[in-house]
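This report concerns only the one structure given below.
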Amino acid sequence: PSLCKYSRIGCCWCGPFHELAEHEIGCGHLMKPGAEIMESLAEVDKYNETQLKLYKDIVSLFSCEKVTFNDLQMKPYRTDDFTTKLFYETSRFSAFNFQWVIKARINNDQKNPALTTDRTLSYQLVLKSKFTTPISLSFIVLKGPYGEMKINPYIYTHDFVQDNVETTYNDLPIINSVECNKLLAGRTINLRLIMVMMN
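Structure below.
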């Protein structure tokens, strides 16, 4: 899909390339008053500032002492319930001398995710090893080296203690539901997990 060249001033049109020139000639944003255009520019600037902060935060995490990454594959499984539910899980993997697993579910465990096309994935990081001191961890999921995942990275943080060895289910920030459906149509989901120990 192509974007209108006036998207910078708030035009949300997105369509086939062969219709782009015709749209741009009649684009309603050309005639908008300056005040409305300034509002659109403020929204764009706010989004850009948010993205810049995220990337600065990611870069500062990489300066921490204990950083590791794992290239993982999530495979689909079904629950044993009367109405089976699809979920995804990685094999156990090692990081910081502990064993971990990632579990993922569709539409935050909605009853019938197969009946909707607007799908999302959420995931949790589970610590499988025994440990004695609390573990403070930041983690980010990115596209794996053999994966097709289009994702907007997001940093999550969790403190693992004896009675809390699983993170909450966090949104896997895939860019849209179309991309999520493409991932779910495949046999596996390839991802790269970056983990940073904060303590």
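So the sequence shown is numbered by full-length UniProt numbering: it starts at 1 and just counts up by one. Glycine included, C-beta positions come from ideal geometry on N, C-alpha and C. All values derive from a computational prediction rather than experimental measurement.
(1) Sort Met198, Met197, Ile194 and Ala185 by Cα distance to Lys75 and report the nearest one.
(2) Return the CA-CA distance between Arg105 and Leu86, expressed in angstroms with no decimal places.
(3) Ser136 by DSSP, collapsed to three states: which one?
(4) Name, in chain order, the residues that DSSP records as bridge partners for Asp71.
(5) So what does DSSP say about Leu122, is it helix, strand or coil?
(6) Decide if Cys11 is buried, meaning its Cβ has at least 16 other Cβ atoms within 10 Å, or exposed.
(7) Assuming Leu54 and Leu191 form a contact by the criterion Cβ under 8 Å, report the distance between their Cβ atoms to the nearest whole angstrom.
(8) For Phe96, which three-state DSSP category applies?
(9) Taking the Cβ atom as the reference point for each residue, do Val178 and Leu127 lie within a distance shorter than 7 Å?
(10) Below 8 Å CB to CB, which residues in the same chain sit around Arg92 once its five sequence neighbours on both sides are set aside?
(11) For the alpha helix (DSSP H) containing Leu20, name the first residue and the last one.
(12) What are the boundary residues of the alpha helix (DSSP H) that Leu30 is part of?
(13) Tell me where the alpha helix (DSSP H) around Glu179 begins and ends.
(14) Can you name, in chain order, every residue of its own chain whose Cβ lies under 8 Å from the Cβ of Pro145, other than the five neighbours on each side?
(15) Since Phe87 is in the beta strand (DSSP E), which residue starts that stretch and which ends it?
(16) Can you tell me where the beta strand (DSSP E) holding Phe160 begins and where it ends?
(17) Among all the DSSP beta bridges, which residues are the ones paired with Val101?
(18) Helix, strand or coil for Lys143, going by three-state DSSP, please let me know.
(19) Given this structure, state the Cα-to-Cα distance separating Leu20 from Asp159, to the nearest angstrom.
Judging by the given coordinates:
(1) Ala185
(2) 7 Å
(3) strand
(4) The partner list for Asp71 (beta bridge, DSSP) reads Arg192.
(5) Before going further, note that residue 122 is Ser rather than Leu in the sequence given. DSSP, reduced to helix, strand and coil, places Ser122 within a strand of the structure shown.
(6) Cys11 is classed as buried because its beta carbon has at least 16 other beta carbons within 10 Å across all chains shown.
(7) About 18 Å; that fails the 8 Å criterion.
(8) coil
(9) no
(10) Gln99, Trp100, Val101 and Lys128
(11) Leu20 to Ile25
(12) It is not in any alpha helix (DSSP H) - Leu30 carries neither H nor E in the DSSP assignment.
(13) Element bounds for Glu179: Ser177 to Ala185.
(14) Asp71, Asn190 and Arg192
(15) Leu86 to Glu89
(16) Phe160: member of the beta strand (DSSP E) spanning Tyr156 to Phe160, first to last residue.
(17) DSSP, once it has assigned bridges, lists Val126 as partnering Val101.
(18) strand
(19) 49 Å
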